[in-house]
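J.: Protein chains in written order, with the working numbering: chain A, 2 to 504; chain B, 1268 to 1793; chain C, 182 to 306; chain D, 574 to 1064.
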Amino acid sequence: MEFVQNFPFFSILLSLFSGPLCSVIGGKAARRVNLAVITVVGAMSAAVLSFTICSGEAYVYLMGHFPAPWGNEIRVGVLEALMALFFCVVMFLSMVGGSLERALEIEAEKENLYYVMVNLLLSSLLALIYTNDLFTAYVFVEINTISACGLIMIRQNGRTIEAATRYMIMSLLGSGLLLLGICFLYDLTGHLLMSNIKEQVQILHGTGDYHIPLLVTVSLMSVGIAIKSALYPFHAWLPDAYGYSTLSSAAILSSLVSKGYIFLLVKIFYRVIGFDIVRDSKIVNILFAFGVVGMIMGSVSAIKEGNIRRMIAYSSVAQIGYIYMGFGIGTTAGVIASLYHILSHAATKSLLFVAASGITDASGDSTSFFDLTGAGYRNKLAGVAFTVGSLSMVGFPMFSGFISKLLFAQAAVDSAYYKMLPALIALALSTILNAVYFMKTVIRIYTPVDREEVQRRGFRKVTFVDQKAKSAALVCFIVLNMALGLCSEPVVRLLREGLSLFA
Amino acid sequence: MDAWILLPVILPVLAGVILLLSLAFEKRKNGREQPDREPDEARLRSLHRYVIAVLAVSGVLALAVSFSGEHSVTLFELLKGIPVYFHVDDISRLFAAAISVVWLAVAFYSFVYMKHEGKEQRFYGFYLIVYGVLMALSFSGNLVTMYLFYEVTTLTSMPLVLHNGSREAIMAALKYLFYSMCGAYLGLFGIFFLYKYCDTLTFTAGGTLNLELAQGNVTILLIAVFGMLVGFGAKAGMLPLHAWLPAAHPVAPSPASAVLSGVIAKAGVLAIIRVVFYVVGPDFLRGTWVQTAWMTLTLLTVFMGSMMAFREPVFKKRLAYSTVSQVSYILFGLSVLSPVGMTGALLHVVFHMVIKCALFLTAGIFIFQCGETRVEQFRGIGKQMPKTFWCYTFASLALIGIPPASGFISKWYLAQGALEAGVGVFGIVGPAVLLVSALLTAGYLLPITTSGFFPGGIVKHGKAEEHGTGAAVDRNEQKDDGKAANLEPPLAMLLPLAVLAALAILLGLFPNPLIGFAGKIAASVM
Amino acid sequence: MNFANLANNYEEAVAMLLFVIGFSNLLLQKNLIRKIIGLNIMDTAVYLFLALKGYIAGRKAPIVVDGVQSVKAYVNPIPSGLVLTGIVVSVSVSALMLALTIRLYRRYHTLDLDEITTRLKKEGL
Amino acid sequence: MNEAILAVVILLPILGGVLVPLLPFKNRTQMMVYTEGLVLLNSALALAMLFHRPEGSFVLFRFTSDLTLSFHVDGMGTVFAAIVSLLWPLCVLYAFEYMEHEKHEKIFFMFYVITFGVTLGIALAEDVVTMYCFYEMLTLVTLPLIMHTLTREAVLASRTYLYYSLGGAAFAFIGVIFILIYGKTPNFTPGGVLDLAAVGDRVNILLLIYVLCFMGFSVKAAMWPFSSWLPQAGVAPTPVTALLHAVAVVKAGAFAVMRVTYFSFGPDFVRGTWAQHVVMALAIFTIVYGCSRAVKETHIKRRLAWSTVSNLSYILFGAAIMTPLGLVGALSHMVAHAVMKICSFLCAGAVICKTGREYVHQLDGFGRKMPKVFAAFTVAGLALMGVPGLCGFVSKWQLVRAAVESRDPLAYIGVAALMISALLTAIYMLTIVVRAFFPRKDFDYDTIRDVKDPGWKMLLPFAIFVIAIVAIGLHSRPLIQGLESIAAQLP
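So, in structure tokens, the structure goes:
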């Protein structure tokens, strides 16, 4: 066994224990620890990724000395490593980009607590990505929920607490269903390790026994995770949570937390149940329907929204709809499109949140739509970044959104009639709706106002030098986004390889 | 190459353009000076000389072209296989000659008349251009060339209508323009189809339709041809696109009305002749619903035009309706698709051109001398301008068709043509309608003569200058003025009128060369 | 449907019934405290289910006191372990929820989430 | 010849344009010289390239192994690229005089020049993805040009434009995907690339997609029911309306439609199906609709914009006939409309820029004061009406010939629509001409004393366009032969 194969375990452990560590040190130190942990984890993930690419196969890592079916396992493949690396990158950039806001919005003595939560979140995400054990997954889902809740409510105002409460309630509903599903599966198969469950499920499927319980199980878990990842119509908590929490929380929540759950769902589909069984159980059709409705309704709500942060949050609802639609198409191509969209959306949405904060900085910290007029001139970089993010959302060529749109459409074309047309039309409509609210905003921030008005309102100009961290993060985000848009092929290839290793 | 046959086209057009350009240039030189100022006498005289010289030379040239044998010239290819092509044949001769004569006569008349309208230079500029374009139209050797000059005729003659610049004039001019355009585009619609189904668009007596190609597409071809008939009929004032005529004539200066209704309306007739007899071929249409519909339309127009004229109190409008009716005589003659009918139609083209011009010229004299436009104002006017009024009477008689005046001959041929063409019930209905219409014509023209000569009381008319243009004469106040003023117009106005009126009678007395010529044409196409 | 199995597996049925009760409480109750109670009922139902599955009648817990007997003598310890883990999770979650509830109550003096939302809207935040 | 020049002519204006606001120009003249020089150089390069067409293609960038940004010149691309390259320098020249009094000149010229490159990108795109990318980009780079005046109207108009264009592109995108999947190659191939074996029983779906794609791309060509953005966009400065909204942008839409019809889906696949009838009916309706709106409109630029709506549908109608002749008709109208509409727009712009009058009823007597401008306008108007001897007639003739040859009853109706449209064109163009040249009797010229012809920078384009209108009208043979040779490549 090579040393690098220990890295996944190390990274989970490192982030898990750095959490408690942060609670006993000061805010600044905690911040450094946090960034260092993310960096180290990212580096380790990169190493693991290169290792798995070279070896070309996934490996299983025993936790402790009990082999399957008793012990706990970690499973590492290309896809897992890629996700881990990507999540680290986005999280790092989000943390850097939101540092200014954290200093302002979080009480100084509580700052270290924030990093506790972030580290725990990271560890839970990593665990969700790597684990080969369903019950471990459940535990980390809960840890994820709790730390996310902490991220939301660290900024103390009524909205965030209310949002956190709503988030908790919805999450608990979801995890309750998930847990029940896991129990059912355990009951049916007698295993908790994913690979073992899959063998049993295949046998069950082959004999045709317990057909209905299996179906119920799949639906319980799908619906549970769908609720947790804010699929329309379970999105009520989302706009408040993303709209009022501190910047880095919003960016991380929108781009990572829900994606972690979705990744878990992919694992359940491929590694636990087997995708052909999922496809045959009409559950994908339900996901498809909700996905399509979500794509449209999320955008419609976003159009009606007058607050830029909430608007971006609603856009997340639509994007999650895309992802579920990809699953719902029920082909591997669809899942790859969804996975790509996880990456693309993570890169874009956090970019948008950070850019939006840059814009609001230049507009007297108002998130109201009307105050943003001309902000693109007052904060040039944020304006450009927001434009890039918007174009990516609209699916403009050269940006990451275009590629995911392309993949979705290609997947849709190859699917059955009754899915192809709704999917394609929904894609087109959703593009238009995205264009409506994002480009409306872009035009607004580039509509100049007269100088007196700016002075009267006390809007300040924000330059690159004023906000070095945020600007650097923005530049990195833009590069990341365009890299995904321009050099998508290796990424898609990795996704495809990784997914084939799953099965 | 007989490129010189284009001289009668190019010369007047160039001369007209020069007039217009010098007008613009002069305006520029004079800066803000009132653009509508009255030109002085000397200038006017030289202008008149210039116009008459150009017209005379090009008229002579046109006649020379017409009667020196067959000529043709291909200018260049407008589109692949569609050259701008001129060819002089008998129809061209007939039209070119008649137009030249009338145009010259009306030009003389307008020298005096236009004094009270102003902006002479602009008027003459367009007047010359339209002449050139009409020559080109007559000499056109294929359908597209003809269409080209047909459109240009419309465009260049429009300024003649709106000459006085009043709101009504502009509206009427636009109406004229759009009706003509509408017609032209209907015509173009047909041309597209004929291009596809004809061997060539070059005018060939008897038609060039390729019946093999047309096999199976007869319906759309018939629709296309019907569209062309209606379309080109617009300029000839045929139903349903006739409404521009009564609007345009009253507001245009009288010389313009004269040529509009005498000559330009015939451009539509020419176009229809070319389409029916030289491209489509009469045999294709004979017995189809198109012929039936065409005949119905023309007869309706004949009757309706006369009725409207009968009810119309404004003299020029009355004449306009009369044109509507009379030109449809021609079209009816064509529509029966028989040699005799066509002979009658061609005769009527010439006769009506002469007569209607004469009538409009008298209308102009009434306006110019007395400022009177309405029929009931003309009571007793014959006593003050007997020569003018006699001319009017002769022209009227000719139009009604009382032997031996010219109108009789053409109508005779028209009726005969209808009777022997074998067009069923139209063979009876047609002549009947023509007869009724002739009666109506008498009804709307002759009362003016009678009341003009025999007012049944003393009515005196004043000079237009004395009481303002268009104002009614207050007859009671002038009752005791003793001898009524002599309102006879100047010789320059009277002479052209007299010539035209005389022609109207003389052509009726010695019609044989013309009949022979027309008969030859008709025989060649059928 | 064969309801005969229902009587045999009445424990599972009870667990499911409890789950539904808990779930609907969590979803539908307005009062936050009641929601939390619902949450606990729901979790308990799942643990009951797990515990039921983990117990085989007549066997012992795998606590070796008097020498190892055959494997058949013991039940699998994992389900019980899972229940314990689950209880820890649910306790911590409940604690967090309660903490949040206290925060909200201090701020708005009500436990009704909808009313809090309307208040928030009035605050214009 | 090296294929790299394909990329050069596209990238040069894009990069050069970006430099416009960055370079330290001392005065306006320097900027003028730079911009005009850049555009002229690029046009010269492009034309030189079109004369010696490089055989191969140039791959600028690979998204994935089968998705590339690649360029290639073929006949159709040549036509569009030539139109664009010939018109751009003239319009830039015109814009210098026009923009004298407007703010943010540098930004304006930056985008104006960038648009040149992007439009060439559409013309020279080798495959459907490249075209789609540049099509989207075109939307984006022209947006600031519409917004330029930054009035409320302009912002609203630009928003409408954006929504319509992106929305259209979204639907067109579906078509692009289908071509990628069911086509043998994404490259444009005369006669289409559909792999009929792969299509199998999905013919109807594919036809539906074709209709969506047609409608999507024709949003930029302002086909009903997506036409209202074009008149609204008339708030932009006239060089933009003239060049972009009469030529570059809208023709890009029509061009894209022709590309997907003749080079991707393939005319044989669509001809005679319900899909053809749907798109043709839409085009025919738009022909009449645009003209009727133009007649009702009194704002001079908006009137011309509606006229553009109608004329673009001539092109779409030609494309929808789906025979080689139809392509000839569509392309010839593309050329002809480019010259005549740009000419009339520039005239309108000259009037607006020099006198501030924007409505038709304010133009009384202008013909005498601005004789050169209105002479040009008259010629352009007559050409639009389709008077023989001017270029409009040539293209209309080709279109109708194709319609008549196709023996499709709907195409016959289309011919009738063309005629109705010609009449309406006469109405909306000639009322302006008549008003300008023949004012009312009591018209007082002192009220328009300040009106006079613009300077040479504006007049030179007019002169060239008028000459072009007449030249094409009188000597259309080479043009039509060229277009026929393009169409001859279709199987």
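The beta-carbon is built from N, C-alpha and C at its ideal position, and this holds for glycine as well. Because the structure is a prediction, the values reported are computed rather than measured.
When the Cα atoms are used, what is the spatial distance from F1011(D) to G938(D)?
T.: 6 Å
J.: D295(C) CB to nearest chain A CB: under 8 Å?
T.: no
J.: Is there a Cβ of chain A sitting closer than 8 Å to that of F636(D), yes or no?
T.: yes
J.: Pairing CB atoms from the region 701-719 of chain D with CB atoms from the region 635-643 of chain D, are three or more of them under 8 Å?
T.: yes
J.: According to DSSP, simplified to helix, strand and coil, what is A698(D)?
T.: strand
J.: Within its chain, find whatever has a CB closer than 7 Å to the CB of K471(A); leave out the 5 residues flanking it on each side and keep chain order.
T.: G98, L101, V355 and G359
J.: Beta-carbon of Q320(A) versus every beta-carbon of chain D: anything under 8 Å?
T.: no
J.: Along the chain, where does the alpha helix (DSSP H) that runs through P1549(B) open and close?
T.: Here the alpha helix (DSSP H) through P1549(B) covers P1549 to L1552.
J.: Given that a residue counts as buried once 16 or more other Cβ atoms are within 10 Å of its Cβ, and exposed if not, what is D774(D)?
T.: exposed
J.: Opposite N1409(B) in the DSSP bridges: which residues?
T.: T1469(B)
J.: Can you name the residues of chain D whose CB is closer than 8 Å to the CB of C1624(B)?
T.: Going along chain D, no residue has its Cβ under 8 Å from C1624(B), so there is no contact; the nearest lies around 25 Å.
J.: Is the beta carbon of A1587(B) closer than 8 Å to that of S1521(B)?
T.: No, they are not a contact pair.
J.: Rounded to whole angstroms, what's the CA-CA distance from C920(D) to D1026(D)? Just pull it up for me.
T.: The straight-line gap from Cα to Cα measures roughly 10 Å.
J.: If you measure beta-carbon to beta-carbon, which residues of the region 182-198 of chain C are closer than 7 Å to chain A?
T.: So nothing in the stretch comes that close.
J.: Does DSSP put L1063(D) in a helix, in a strand, or in coil?
T.: coil
J.: Below 9 Å on C-beta distance, what does D224(C) contact in chain A?
T.: Chain-order list of chain A residues neighbouring D224(C): L173, G177 and L180, by C-beta distance under 9 Å.
J.: With three or more beta-carbon pairs closer than 8 Å as the criterion, would you say the region 1577-1591 of chain B touches the region 1505-1520 of chain B?
T.: Enough Cβ pairs lie closer than 8 Å, so yes.
J.: Could you run through the region 941-952 of chain D and flag, in chain order, every residue whose CB is less than 9 Å away from some CB of chain B?
T.: R941 and P944
J.: Give me, in chain order, the residues of the same chain whose beta-carbon lies closer than 8 Å to that of E1733(B); leave out the 5 immediate sequence neighbours on both sides.
T.: Model confidence at E1733(B) stands at a pLDDT of 46, short of 50, so the residue's coordinates are unreliable; what they give is reported in the following sentence. Excluding positions up to five away in sequence, the list is empty.
J.: In its own chain, which residues sit with a C-beta less than 6 Å from the C-beta of M605(D), not counting the 5 before and 5 after it?
T.: F669
J.: Per DSSP, what are the beta-bridge partners of R76(A) in this structure?
T.: V61(A)
J.: Do I268(C) and Y236(C) count as a contact pair if the criterion is CB distance below 8 Å?
T.: no
J.: If you measure from the beta carbon of T298(C) to each beta carbon in chain A, is any gap under 8 Å?
T.: Interface flag for T298(C) against chain A is set, since a Cβ pair is found closer than 8 Å.
J.: Mind checking the region 1324-1350 of chain B against chain D and listing, in chain order, the residues whose C-beta falls within less than 7 Å of any C-beta there?
T.: F1343, E1344, L1345, L1346 and K1347
J.: Rounded to whole angstroms, how far is the Cβ of G486(A) from the Cβ of F403(A), which I believe are closer than 8 Å?
T.: Yes, G486(A) and F403(A) are in contact; Cβ-Cβ is about 6 Å, under 8 Å.
J.: For R974(D), write down the residues that DSSP places opposite it in a beta bridge.
T.: Looking at the DSSP assignment, R974(D) forms no beta bridge with any residue, so it has no partner.
J.: Within a Cβ cutoff of 7 Å, which residues of the same chain sit near G275(A), ignoring the five residues on either side of it in sequence?
T.: K199, V202 and Q203
J.: With a cut-off of 8 Å, does the C-beta of V1426(B) fall near any C-beta of chain D?
T.: For clarity, residue 1426(B) is Pro in the given sequence; the question names Val instead. It does: the Cβ of P1426(B) has a partner Cβ on chain D nearer than 8 Å.
J.: Around the C-beta of G1668(B), are 16 or more other C-beta atoms found within 10 angstroms, so that it is buried, or is it exposed?
T.: Result: buried.
J.: Which value, in whole angstroms, describes the spacing of the CA atoms of Y1711(B) and A1662(B)?
T.: Pairing Y1711(B) with A1662(B), the inter-Cα distance amounts to about 13 Å.
J.: Starting from I1272(B) and walking both ways along the alpha helix (DSSP H), at which residues does that stretch end?
T.: Premise fails: I1272(B) is in no alpha helix (DSSP H) and is neither H nor E.
J.: Among all the DSSP beta bridges, which residues are the ones paired with P1350(B)?
T.: E1344(B)
J.: Going along chain D, which residues have a C-beta under 7 Å from V1518(B)?
T.: In chain order: nothing, as chain D lies at least about 11 Å away.
J.: Establish whether the CB of S251(C) and some CB of chain A are separated by less than 8 Å.
T.: By this cut-off, S251(C) is not an interface position.
J.: Return the first residue and the last residue of the alpha helix (DSSP H) that V1007(D) is part of.
T.: Here the alpha helix (DSSP H) through V1007(D) covers P982 to F1010.
J.: Out of curiosity, what's the CA-to-CA distance linking L1461(B) and M1438(B)?
T.: 34 Å
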